[in-house]
Amino acid sequence: MESQSEIREFFKNQTIFITGGTGFIGKVLIEKLLRICYDLSVIYVLVRPKRNKSPNERMKEMFDYPCFDKLKTVYPDYYKKIHLISGDCNQVGLGLSSEDRNVLKKEVTVVIHAAANVKFDLDLRIAATSNLRAVRDILDLSKQMSQLKAFLYISTVFSNCNRSEINEEFYKPAMKANNLFKLLESIDEGVLTTVTPYITQKWPNTYTFTKCIAEDIIRKEANNLPVAIVRPGIIISTYEEPVAGWVDNYYGLIGIVVGILMGGIRNLFAKKDGVVYCIPCDFVANVILAATCDLAKKSGSNQLTLSSAKNEVGNVKIYNYVGSSKRRMTARLLKNSFDKYKWKYPLNNMFWFPFVNYVESELWFEIRLFFQHTLVAYIADLVLICLNKKPM
-10 MESQSEIREF FKNQTIFITG GTGFIGKVLI EKLLRICYDL SVIYVLVRPK RNKSPNERMK
50 EMFDYPCFDK LKTVYPDYYK KIHLISGDCN QVGLGLSSED RNVLKKEVTV VIHAAANVKF
110 DLDLRIAATS NLRAVRDILD LSKQMSQLKA FLYISTVFSN CNRSEINEEF YKPAMKANNL
170 FKLLESIDEG VLTTVTPYIT QKWPNTYTFT KCIAEDIIRK EANNLPVAIV RPGIIISTYE
230 EPVAGWVDNY YGLIGIVVGI LMGGIRNLFA KKDGVVYCIP CDFVANVILA ATCDLAKKSG
290 SNQLTLSSAK NEVGNVKIYN YVGSSKRRMT ARLLKNSFDK YKWKYPLNNM FWFPFVNYVE
350 SELWFEIRLF FQHTLVAYIA DLVLICLNKK PM
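Using our numbering, count along the sequence shown one by one with no gaps and you end on 381.
Shown next as structure tokens:
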């Protein structure tokens, strides 16, 4: 029963600082905290201005999302538990005012760093600022929090995607953070674009590359802080809470699924029996809360530094979360789902017959990509130009 929940009991009277609160995970996490752990003291949410909207406007819009409807019904005074902190993870020191910084240092007991730039094609310089410097800045801030019980960092299991097996431990990054920052300071944008593939090496994009280095920053600089790292798989729409099947973005697998159902994606470079490590967002939120509670209890009793468990490294505890081996989603099962539901629930803006083919040969994939994607896109743009419309 909820009244007997150890997790809910832990969060009672806690003061929480969350970054990335306006993101997908952040929304689901905040809703869960306010609805289930309603005895908490306050949640400070870091919000930056975006698209000509102030932090206050963005915060107000965030609570208009349907994921908060249930919360508003159960606890109409939920907003009294939310305090806005104006800042930006892209700015030095998180862009915090001295007043806000002092409040956080004095009051916060739990830090959840969920903010990250998740775009795969992001410029390496921008990715390093958002995903690396911000980690260092929030660690520095957390070291000054007199009442801190737990610091939780949300990484990704793909931060070590260059490995065939990923255990709950730290791995050597391709490059140290300080060396990367020095390199970025010494080269211009043109050169950086050219050399980025050589820098990222076996990591497929700047997102996973910087997330790997971010973990190394935590390993080296967390010192005696009670820290946990949660590495989820591919985060997809909610399974049940607060709204079944809810999602607010087209990132990752969600974007691929929509692209296929619209008829835009015809080929994927993948193995038919390859495992798709996808996890519902509400499951990830549950793991984050459970990990935070577990970390705080063990660090409070000095169990972390004494434990010999494999997923505990000093004061840092690591949790991989990719779902159950008994109910794995494979690319083949995913395609079967497309075939089953594409006509049962067709998209309104579908522009081609929905179909996807898995290709394991890189050469054959490139050939199919040209004829079924690139060439079609050029033809579509040509038609739009002839109709005096803006090309895609």
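Idealized CB from N, CA, C, for every residue including glycine.
Using CA atoms only, rank isn't needed, just tell me which of the options is closest to residue i.
i	options	result
Lys306	Asn120, Glu88, Tyr142, Lys1	Tyr142
Pro231	Gly15, Thr189, Glu20	Glu20
Val31	Leu22, Leu23, Thr4, Arg37	Thr4
Tyr382	Arg40, Ala105, Val219, Tyr54	Since the first residue shown for the chain is -10 and the last is 381, residue 382 is missing from the structure and cannot be characterised.
Gln133	Val97, Arg114, Val107	Val97
Glu148	Arg220, Arg37, Ser131	Residue identity differs from the one stated: residue 148 is Ser in this sequence, not Glu. The shortest C-alpha separation from Ser148 is found at Arg220.
Ile155	Tyr334, Tyr308, Asn337	Tyr308
Ala166	Ile176, Glu157, Asp177, Lys209	Lys209
Ser(-6)	Asp205, Asp89, Asn275, Cys78	Asn275
Ala320	Lys378, Gly244, Tyr266, Thr189	Tyr266
Gly263	Ile224, Met318, Ser313	Met318
Rounded to the nearest angstrom, what separates residue i and residue j at their Cα positions?
i	j	result
Tyr68	Ile74	14 Å
Phe359	Gly241	22 Å
Lys236	Pro269	The residue you asked about is not Lys; residue 236 is Val in the sequence shown. Taking the straight line joining both Cα atoms gives about 10 Å.
Thr383	Lys191	This structure gives no information on residue 383, because the portion of the chain shown stretches from -10 to 381.
Cys56	Val17	7 Å
Ser87	Ser119	21 Å
Glu(-2)	Cys282	9 Å
Leu373	Gly12	34 Å
Lys59	Asn213	39 Å
Leu137	Cys201	25 Å
Glu46	Ile71	14 Å
Phe344	Ala116	34 Å
Phe258	Asn194	16 Å
Pro380	Lys171	40 Å
Tyr228	Glu174	44 Å
Lys61	Ser226	21 Å
Leu336	Leu250	7 Å
Leu293	Asp328	Note that Leu293 has pLDDT 44, beneath the 50 cutoff, so the model's placement of it is unreliable and the number below is only indicative. Roughly 48 Å separates the two Cα atoms.
Arg90	Gln80	14 Å
Lys386	Gly253	The structure shown does not extend to residue 386, since the chain is modelled only from -10 through 381, so no value can be given for it.
Have a look at the DSSP bridge pairing and note the partners of residue i.
i	result
Pro55	None, per the DSSP bridge assignment.
Leu35	Ile74
Arg409	Summary: the structure shown does not reach residue 409, with the chain confined to residues -10 through 381, and so no result is reported for it.
Ala203	BP columns for Ala203 are empty, so no partner.
Determine the contact status of residue i and residue j, defining contact as a CB-CB distance below 8 Å.
i	j	result
Leu323	Ala203	no
Leu128	Phe6	no
Val365	Arg357	no
Ala285	Ala139	yes
Thr185	Leu113	yes
Gly82	Leu35	no
Phe198	Ala163	yes
Asn2	Leu22	no
Gly222	Tyr310	yes
Less than 8 Å between C-beta atoms, sequence neighbours within five positions excluded: which residues of the same chain meet that for residue i?
i	result
Glu355	none
Tyr54	Lys16, Asp237
Leu295	Residue placement at Leu295 is flagged as unreliable, the pLDDT there being 35, under the threshold of 50; the coordinate-derived value follows with that caveat. Around Leu295: no qualifying Cβ.
With a threshold of 7 Å on Cβ separation, who are the neighbours of residue i within its own chain once the five nearest residues in sequence on each side are excluded?
i	result
Gly15	Ile7, Gly9, Ala103
Tyr160	Asn149, Arg152
Pro44	Val36, Arg37, Pro38, Leu73, Ser75
Ser326	none
Can you list, in chain order, the residues of its chain with a C-beta nearer than 6 Å to that of residue i? Leave out the 5 residues immediately preceding and following it.
i	result
Cys26	Arg(-3), Phe0
Ala298	Only weak support is given to the placement of Ala298: the predicted model assigns it a pLDDT of 44, under 50, and the value that follows is read from those uncertain coordinates. Correct list: empty, nothing qualifies.
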